[in-house]
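In what follows, a structure is listed as structure tokens, so that the remarks can point back to it.
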Amino acid sequence: MKNLLTLLVALTFTFGLSAQTENLIQQADEAYMNDKFEEALELYLRVADENGSSSQLYYNIGNTYYRMGELGKSILYYRRALKLDPTNQDARANLTFVEEKTIDRQDENKTLSQKVAESVIFSMTPNGWSVTALILFVVLLGCIGAYVLIDDVKFRKLSFFGGIVVLVLDVLVLIVAFKSSALVRDNREAIVIEPMVQLSTVPRLPKDKSEQAFTLHEGAHLEIIDSLSVPSDSLNPKWLEIKVDDVHRAWLPAKTVERI
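Per my numbering, residue 25 is the first one in the sequence shown, and the count goes up by one each step.
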């Protein structure tokens, strides 16, 4: 009886928590539709803080930041949405739309093969690719079984060459699944959230033009390589070494970016 009572209390609490979350999201949606974006953002962030994140919630936050004119944070949350669910086509479409409005568009430097590879990787979630690999493995076992157990020569040939094709496909899918999973776990990507950042060749504010590297603007997508604490710098106590491509590397204050 005591265990049953505990279970009922837990279920009631869970239901109440879910109802409260749905109520907050509904309030946020209504605020957004009424152009009360600051209120909507506060409610969306509260839901994320209290009940965890989701791709749809991050997508809504990205939309809200965009309507508030904060392109950097809008891009940040669209990318966070895609990190949780690479198949979220609404987030991908909005990300592309907003990134076209930014000054530093790294996508312009990508080759056609890189763009095709990304579109393939992000066509399914890591779990989706893993399940596909498992299905192909089962098909491969079926081809092997057919080759061993069936005496018909034509069918054995079909099973043999079909098995080779399935094996190659399975290996490729496993590689894509591994790559997709690695991208989701990667915490080195970040987005510039300041209107403009002057990067330095050393982990401090440039003293002259010789220490100035290059400039990045709000919404720029970059990769963090290293970090360094500078206690003597009260304004920027932490610096990050970053790269935006295979050539451009420099240092910037940690407070100017947010990790995806």
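Quick reminder that beta carbons are idealized off the backbone N, C-alpha and C, glycines included.
Bear in mind the structure is a predicted one, so any value in this text is a computation, not a measurement.
Reduced DSSP category for residue i - H, G, I as helix; E, B as strand; rest coil
i	result
residue 205	helix
residue 58	coil
residue 289	Here the chain has residues from 25 to 284 only, and residue 289 is not among them.
residue 256	coil
residue 108	helix
residue 239	strand
residue 268	coil
residue 98	helix
residue 49	helix
residue 194	helix
residue 228	coil
residue 32	Its pLDDT being 44, under 50, residue 32 is placed unreliably by the model, and nothing is read from it.
residue 183	helix
Start and end residues, alpha helix (DSSP H) containing residue i
i	result
residue 69	61–75
residue 223	Not the alpha helix (DSSP H): residue 223 falls in the beta strand (DSSP E), residues 220–224.
residue 310	Outside the displayed range of the chain (25 to 284) lies residue 310, so it cannot be described from this structure.
7 Å CB neighbourhood of residue i in its chain, flanking five on each side removed
i	result
residue 211	283
residue 203	145
residue 91	61
Limits of the unbroken beta strand (DSSP E) element including residue i
i	result
residue 156	From DSSP, residue 156 is part of no beta strand (DSSP E) but of the alpha helix (DSSP H) over 150–173.
residue 273	273–277
Chain-order list of residues whose beta-carbon lies under 8 Å from that of residue i (same chain, five-residue window excluded)
i	result
residue 179	170
residue 67	48, 49, 51, 52, 55
residue 77	104, 108
Own chain, CB closer than 6 Å to residue i, minus 5 neighbours either side, in chain order
i	result
residue 185	none
residue 29	The pLDDT assigned to residue 29 is 47, lower than 50, so where the model puts this residue is not dependable, and the model offers no usable value.
residue 65	88
residue 105	79, 82, 83, 112, 115
residue 63	55
Identity of the residues DSSP links to residue i by a beta bridge
i	result
residue 283	214
residue 251	264
residue 246	214
Cutoff 8 Å: residue i Cβ touching any chain D Cβ
i	result
residue 99	In summary, chain D is missing from the structure at hand, where a single protein chain is found.
Count the CB pairs spanning the region 215–232 and the region 193–203 that are closer than 8 Å, and state whether there are at least three.
-> Too few Cβ pairs lie closer than 8 Å, so no.
Per the contact definition of three or more C-beta pairs closer than 8 Å, is the region 109–124 in contact with the region 247–256?
-> no
Report yes or no: do three or more beta-carbon pairs, one from the region 265–275 and one from the region 72–89, lie closer than 8 Å?
-> no
Report yes or no: do three or more beta-carbon pairs, one from the region 148–167 and one from the region 114–126, lie closer than 8 Å?
-> With a cut-off of 8 Å, the region 114–126 and the region 148–167 do not count as touching, because too few Cβ pairs lie within range.
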